[in-house]
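Participant: Here's a structure for you.
There are 2 protein chains.
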Amino acid sequence: MKENFDSDEELRQGIEAMFFAYRGFTADPDRILATIDYGRAHHRAIHFVARTPGTTVNKLLMTLGVTKQSLNRVLRTLIEDGLVESRQGARDRRERHLSLTSTGRELEKRLSAAQRERLRDAYHAAGPEAVEGFRKVLEAMMDDDMRRTYHAITEVEG
Amino acid sequence: MKENFDSDEELRQGIEAMFFAYRGFTADPDRILATIDYGRAHHRAIHFVARTPGTTVNKLLMTLGVTKQSLNRVLRTLIEDGLVESRQGARDRRERHLSLTSTGRELEKRLSAAQRERLRDAYHAAGPEAVEGFRKVLEAMMDDDMRRTYHAITEVEG
DNA sequence: CTTGGAATGTCAACAAGGCTGACATATTAA
DNA sequence: TTAATATGTCAGCCTTGTTGACATTCCAAG
Numbered sequence: 034m035k036e037n038f039d040s041d042e043e044l045r046q047g048i049e050a051m052f053f054a055y056r057g058f059t060a061d062p063d064r065i066l067a068t069i070d071y072g073r074a075h076h077r078a079i080h081f082v083a084r085t086p087g088t089t090v091n092k093l094l095m096t097l098g099v100t101k102q103s104l105n106r107v108l109r110t111l112i113e114d115g116l117v118e119s120r121q122g123a124r125d126r127r128e129r130h131l132s133l134t135s136t137g138r139e140l141e142k143r144l145s146a147a148q149r150e151r152l153r154d155a156y157h158a159a160g161p162e163a164v165e166g167f168r169k170v171l172e173a174m175m176d177d178d179m180r181r182t183y184h185a186i187t188e189v190e191g
Numbered sequence: 034m035k036e037n038f039d040s041d042e043e044l045r046q047g048i049e050a051m052f053f054a055y056r057g058f059t060a061d062p063d064r065i066l067a068t069i070d071y072g073r074a075h076h077r078a079i080h081f082v083a084r085t086p087g088t089t090v091n092k093l094l095m096t097l098g099v100t101k102q103s104l105n106r107v108l109r110t111l112i113e114d115g116l117v118e119s120r121q122g123a124r125d126r127r128e129r130h131l132s133l134t135s136t137g138r139e140l141e142k143r144l145s146a147a148q149r150e151r152l153r154d155a156y157h158a159a160g161p162e163a164v165e166g167f168r169k170v171l172e173a174m175m176d177d178d179m180r181r182t183y184h185a186i187t188e189v190e191g
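Protein chains in written order, with my numbering: chain A, 34 to 191; chain B, 34 to 191.
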């Protein structure tokens with residue numbers, strides 16, 4: 034297998050693996066979200082607000098790769114529902130700094146716990162070396178600007 | 034890293050890696066699809082019809098994990114546009130066996146080539162051992178029934 | 001040979017969550 | 001003073017998912 038790891042057939046299998054794995058990856062949070070009338074878009078917003086507290090709307094926009102109108106719709110409901118807090122910037126008062134409320138953090142924990150459990154189980158089944166390879170390939174698969182965003186987030190926090 | 038590969042922080046990074054990588058994974062086909070007024074749903078249908086020619090609607094339904102109404106809408110346009118062929122089953126004439134026309138195969142090749150190139154570059158950047166780990170973790174991340182479907186496809190074809 | 005159920009197709013209605021375009025407002029920077 | 005930036009919001013559109021209902025065709029069991 035290693036001597037031909039980039040054959041068309043190998044690559045097609047990789048494509049299918051990504052497809053099916055991503056379904057598993059989102060399945061657990063999706064089930065939780067469905068019970069509270071939220072969707073994946075809410076999850077993504079909550080995740081990155083939790084991850085980079087105090088981030089601005091613009092930064093979140095770029096991270097998520099959606100339009101402000103699309104994000105705004107989601108963000109508005111999260112703010113109305115008391116999960117996300119929006120504070121005017123002190124230095125630049127045009128900016129809104131976003132953070133989770135304690136209620137928001139509770140939901141974030143539930144969603145994250147489910148997703149982390151799925152990943153942890155997969156990591157254990159595959160082993161530490163596999164995990165390293167997994168991360169390497171995923172990183173290489175990103176667009177350059179996404180890789181930068183990824184590094185910005187994981188280096189500061191991790 | 035290896036001694037703590039399943040810490041919460043490591044897992045959160047894995048989650049983000051999946052998120053950003055999946056964006057890259059779909060980016061190239063998405064660009065092609067946009068020029069011809071198709072979406073990801075069309076791509077997925079085309080991919081699996083190409084992969085398992087002669088498959089039935091029901092099998093495709095289960096593979097894709099959507100409702101028949103949702104698939105039917107996509108499939109109908111593909112058939113109307115002459116990319117997919119639907120033949121009544123010989124043994125069981127309720128079934129429709131799906132396959133790509135030559136036009137369909139052309140599009141499939143374009144989409145697949147773009148996506149395979151992305152993956153191949155990532156594989157080369159990460160190396161053969163990493164690829165093995167990548168595949169292992171992805172497989173472990175799938176739901177059981179998706180893993181069965183995945184094996185059914187890759188074992189027959191690959 | 002009838003009948004139940006399976007496989008498929010189709011209609012209608014609805015929702016989430018993307019998008020574009022246009023416009024308003026506040027604030028900062030030139 | 002003016003231009004640019006950050007944000008919010010309204011309106012409308014598209015894709016792609018959902019449910020529910022119903023028709024057709026056909027296999028298979030009784």
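We put the beta carbon where it would ideally sit given N, CA and C, even for glycine.
Model, not experiment: these values are computed from the prediction.
What does a CB cutoff of less than 6 angstroms around residue 137/A pick up in its chain, not counting 5 residues either side in sequence?
Facilitator: These residues qualify, in order along the chain: 116 and 117.
Participant: Pull up the CB-CB distance for residue 179/A and residue 57/B, whole angstroms please, since I reckon it's below 8 angstroms.
Facilitator: Sure, about 6 angstroms apart at Cβ, within 8 angstroms.
Participant: Closest by CA to residue 151/B, which one among 140/A, 177/A, 128/A and 164/A?
Facilitator: With distances taken between Cα atoms, residue 151/B lies closest to 177/A.
Participant: Identify the continuous beta strand (DSSP E) that holds residue 120/B and give its terminal residues.
Facilitator: Looking at the DSSP string, the run of the beta strand (DSSP E) that includes residue 120/B is 117-121.
Participant: Beta carbon of residue 155/A, beta carbon of residue 170/B: below 8 angstroms?
Facilitator: Against a cut-off of 8 angstroms, the Cβ pair of residue 170/B and residue 155/A comes out as a contact.
Participant: Tell me the residue span of the alpha helix (DSSP H) that contains residue 4/A.
Facilitator: Any question about residue 4/A goes unanswered here, given that chain A covers just 34 to 191.
Participant: What are the start and end residues of the alpha helix (DSSP H) that includes residue 95/A?
Facilitator: Looking at the DSSP string, the run of the alpha helix (DSSP H) that includes residue 95/A is 90-97.
Participant: Would you mind reading off the limits of the alpha helix (DSSP H) that contains residue 51/A?
Facilitator: Its alpha helix (DSSP H) spans residues 41-68.
Participant: For the ligand HEM, is there any heavy atom lying closer than 7 angstroms to the beta carbon of residue 40/B?
Facilitator: Of the ligands one can find in the structure shown there are none, so the ligand HEM has no counterpart to examine.
Participant: Using the DSSP secondary-structure output, state which residues sit across from residue 111/A in a beta bridge.
Facilitator: Per DSSP, none; premise fails for residue 111/A.
Participant: Return the CA-CA distance between residue 66/A and residue 119/B, expressed in angstroms with no decimal places.
Facilitator: Roughly 37 angstroms separates the two Cα atoms.
Participant: Going by C-alpha distance, which of 62/B, 47/B and 68/B is nearest residue 80/B?
Facilitator: Among 62/B, 47/B and 68/B, the Cα nearest to that of residue 80/B belongs to 62/B.
Participant: Can you list, in chain order, the residues of its chain with a C-beta nearer than 8 angstroms to that of residue 97/A? Leave out the 5 residues immediately preceding and following it.
Facilitator: Cβ within range, chain order: 77, 78, 81 and 104.
Participant: Answer yes or no: does any C-beta atom of chain B fall closer than 8 angstroms to that of residue 71/A?
Facilitator: Not an interface residue.
Participant: Which residues in chain A have a C-beta closer than 9 angstroms to the C-beta of residue 82/B? List them in chain order.
Facilitator: Those do not exist, as residue 82/B stays about 13 angstroms from chain A at its closest Cβ, beyond 9 angstroms.
Participant: Leaving out five residues before and five after residue 107/B in sequence, what residues of the same chain have Cβ atoms less than 7 angstroms from its Cβ?
Facilitator: Closer than 7 angstroms at the Cβ level, and outside the excluded window around residue 107/B, lie 74, 75 and 78.
Participant: Can you tell me the Cα-Cα spacing of residue 85/A and residue 188/A, whole angstroms?
Facilitator: Computed Cα separation, rounded: 11 angstroms.
Participant: So is residue 69/B buried or exposed if we call it buried at 16+ other beta carbons inside 10 Å?
Facilitator: Exposed, since its Cβ has fewer than 16 Cβ neighbours within 10 Å.
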